[in-house]
Amino acid sequence: MSVAGASTYLRPQTLAEAFGALGPDVIPVAGGTDVILHAPVGIHTLLDLSALPLDYIRERNGFAVGAMTTLTGMLEHPGLAAHLDGVLAETLAHVGTSLLRNLATIGGHLARGRLSDIVPTLLALDATVTVFDGKPRTLPLAKYYADGLNRKRHLLTEVSVPEAGPDTAAGFLKLSRTFFDMALVNCACSVRLKGDRVAASRIVVGETPALGASAPSAEEVLTGGTLDADTIAAAASAAAESIEFGTDSRASAEYRKVLAAVAVRRVLNAIRNRFEERRR
Amino acid sequence: MNIDFTVNGRAWGVEIAPGESLMELLRRLGYKSVKNGCNNGDCGSCTVLLNGRAVNSCLVLAAKADGAAIGTIEGLTAGGELHPLQRTALDLGAVQCGFCTPGMLLLAADLLAANPRLDEAELRRELSGNYCRCTGYVKQVEAILAAAAEMREAAGA
Chain A
1 MSVAGASTYL
11 RPQTLAEAFG
21 ALGPDVIPVA
31 GGTDVILHAP
41 VGIHTLLDLS
51 ALPLDYIRER
61 NGFAVGAMTT
71 LTGMLEHPGL
81 AAHLDGVLAE
91 TLAHVGTSLL
101 RNLATIGGHL
111 ARGRLSDIVP
121 TLLALDATVT
131 VFDGKPRTLP
141 LAKYYADGLN
151 RKRHLLTEVS
161 VPEAGPDTAA
171 GFLKLSRTFF
181 DMALVNCACS
191 VRLKGDRVAA
201 SRIVVGETPA
211 LGASAPSAEE
221 VLTGGTLDAD
231 TIAAAASAAA
241 ESIEFGTDSR
251 ASAEYRKVLA
261 AVAVRRVLNA
271 IRNRFEERRR
Chain B
281 MNIDFTVNGR
291 AWGVEIAPGE
301 SLMELLRRLG
311 YKSVKNGCNN
321 GDCGSCTVLL
331 NGRAVNSCLV
341 LAAKADGAAI
351 GTIEGLTAGG
361 ELHPLQRTAL
371 DLGAVQCGFC
381 TPGMLLLAAD
391 LLAANPRLDE
401 AELRRELSGN
411 YCRCTGYVKQ
421 VEAILAAAAE
431 MREAAGA
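Protein chains in written order, with my numbering: chain A, 1 to 280; chain B, 281 to 437.
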């Protein structure tokens, strides 16, 4: 593909310079895979962010991942790939194939904010993002989308996932027609136990077809209970009932609702199995 | 705008349009093994190595190749000798019309560089982004795994 009409290509050296260059007919380019396919009509300037020092993964109270890190870079980082039983690696392996992952960056993916298998997992892990809109600030990823910040003038510079102890497990599932295809529905959950009771959880369903969002009513079902089959089934039903599903070319709202209950149940079952394996 | 980069070790300095793709540029320069299949990032026919990693060149802005080393299928051949991936593809009948072959072999080259012990399940999963529309996939998988075994043996692993 190509970006028809683009007449200027900028590669700023600093974040302030990059932010200063943003404007209505300017599009930031991270990996560029989405820009080259879906750049809006009327874009005159491509703002390549690849000279900014944002390609890094740091282990500090969890993981901090620079926005220009490719999805392959994340998958090939041993610590990040092993984090929480490999839930991020499992998720990233479902995003296209390596041909895409070698180009696509986590920052570009999150700033785009649509068609995502990664967002549900990051929401389930309570990820935060750092943005620069004149000055740097850090906020929950959920708030970044809830406030529509991803559509305002800013640059996303980092995403962080917090540390998790042995009392926490997480899982991800993508339901799609083929491995390579986009999800009909996806689901990511995390559960923190205290003894054998659920102290806290995140149940996130994505591609509804909206971007992933957590289901607080389903999380309430789990709180204080054990991860037995009945509780898991009740949480799965609560998630499917409380989420608003839509119809598009991939699936109907009715079908998505059925799939979502299945996905939540399977992910919670997988999480229960992970806790049981750890006890052995 | 102007960019400098290499293709299979040969240096190029070329003028490009800011919005053009690496695939368009490479084909313009005569690298016709880089196929234009879907021009949409789906089929993998335009796969090249960008600094050693396999990518859909239709999804790369040519401007991003400034300073990069690009590899195409021609570059796998060393000193007139076919690369094991090329030879096993021929020997085991993994080539029919040949349109998908360069992309598949370059993907395989990257995968095997990252993991010489790539297993069949992983290979099949990764090949899901490289479409073949005439032979199917059985012979390609056999050929790539045979090349992998040969390459491990040559490396003494």
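Cβ coordinates follow ideal geometry from the N, Cα and C atoms, glycine included.
* To do: Evaluate the contact criterion for the stretch 402-419 of chain B versus the stretch 374-388 of chain B: three or more CB pairs, one atom per stretch, below 8 Å.
  => yes
* **Against chain A: residues of the stretch 323-340 of chain B by CB proximity under 9 Å** => G324, T327, L330, R333, A334, V335, N336, C338, L339, V340
* To do: Compile a chain-ordered list of the residues in the stretch 100-120 of chain A whose CB is closer than 9 Å to at least one CB of chain B.
  => L100, N102, L103, A104
* For the stretch 7-35 of chain A, enumerate the residues whose C-beta is nearer than 7 Å to any C-beta of chain B, in chain order. => S7, T8, Y9, V29, G32, T33
* Return the Cβ separation of L392 (chain B) and L398 (chain B) in integer angstroms, given the expectation that the two are a contact with Cβ distance under 8 Å. => 6 Å
* Buried versus exposed call for K135 (chain A) [16 or more other C-beta atoms within 10 Å across all chains shown] -> exposed
* Asked: Interface residues of chain A around E406 (chain B) at Cβ under 8 Å?
  -> T97, S98
* Residues within the stretch 299-318 of chain B neighbouring chain A, beta-carbon criterion of under 8 Å -> G299, E300, S301, E304
* Asked: Around the Cβ of G148 (chain A), are there at least 16 other Cβ atoms within 10 angstroms (buried) or fewer (exposed)?
  -> exposed
* Terminal residues of the alpha helix (DSSP H) in which N61 (chain A) lies -> Where N61 (chain A) is concerned, there is no enclosing alpha helix (DSSP H), given that its DSSP letter is neither H nor E.
* To do: For G225 (chain A), collect the residues of the same chain with a Cβ closer than 8 Å to its Cβ; drop the 5 residues on either side in sequence, then sort them by chain order.
  => R197, V198, T231
* First through last residue of the alpha helix (DSSP H) which encompasses S217 (chain A) -> 216-222
* Asked: When you compare only the Cα positions, how much space is there between D85 (chain A) and E76 (chain A)?
  -> 15 Å
* Asked: With respect to the beta strand (DSSP E) encompassing E158 (chain A), which residues constitute its N-terminal and C-terminal limits?
  -> 155-162
* Just the Cα atoms here: how many angstroms apart are K312 (chain B) and N319 (chain B)? -> 14 Å
* Asked: Taking only beta-carbon atoms, is D390 (chain B) less than 8 Å away from chain A?
  -> yes
* Asked: Just the Cα atoms here: how many angstroms apart are A229 (chain A) and P209 (chain A)?
  -> 28 Å
* Cβ separation of T168 (chain A) and R153 (chain A), assumed to be a contact under 8 Å, to the nearest whole Å -> The Cβ separation is near 36 Å, so there is no contact.
* Listed in chain order, which residues of the stretch 342-374 of chain B have Cβ atoms closer than 8 Å to some Cβ of chain A? -> A343, K344
* **Residues near A240 (chain A) in its chain [Cβ-Cβ closer than 6 Å; skip 5 each side]** => K257, A260, A261
* Which residues DSSP lists as bridging A236 (chain A), in chain order -> According to DSSP, A236 (chain A) bridges with nothing at all.
* To do: Could you tell me which residues DSSP pairs with Y9 (chain A) in its beta bridges?
  => A:L46
* Asked: If you drop the 5 nearest sequence neighbours on each side, which residues of the same chain put their C-beta closer than 6 Å to that of A236 (chain A)?
  -> A261, V264, R265
* Out of B:S301, B:E300, B:L309, state which residue places its alpha-carbon closest to the alpha-carbon of G293 (chain B). => B:L309
* Name the DSSP bridge partner or partners of N288 (chain B)? -> Per DSSP, none; premise fails for N288 (chain B).
* In its own chain, which residues sit with a C-beta less than 6 Å from the C-beta of A218 (chain A), not counting the 5 before and 5 after it? -> I203, A235, A238, A239
* Asked: Which one of A:L175, A:A170, A:H109 has the shortest CA to CA distance from V159 (chain A)?
  -> A:H109
* To do: Just the chain A side, please: which residues come within less than 9 Å of M384 (chain B) by C-beta, in chain order?
  => Result: empty, since nearest Cβ-Cβ is about 11 Å, beyond 9 Å.
* **Buried versus exposed, by CB contacts within 10 Å (16 or more), H38 (chain A)** => exposed
* Counted within 10 angstroms of its Cβ, other Cβ atoms place T178 (chain A) as buried (16 or more) or exposed -> exposed
* Under 8 Å Cβ-Cβ, which residues of chain B neighbour G73 (chain A)? -> Within chain B, no residue comes near G73 (chain A); the closest Cβ sits about 10 Å away, beyond 8 Å.
* **Under 7 Å (Cβ pairs) to chain B, residues found in the stretch 43-60 of chain A** => L46, D48, S50
* To do: Taking only beta-carbon positions, decide if V3 (chain A) is within less than 8 Å of chain B.
  => yes
* Chain-ordered residues of the stretch 80-93 of chain A with a beta carbon less than 9 Å from chain B -> A93
* For chain A, is any of its Cβ atoms less than 8 Å away from the one on N320 (chain B)? -> yes
* Could you tell me the distance, in whole angstroms, from the CA atom of F132 (chain A) to the CA atom of Q366 (chain B)? => 48 Å
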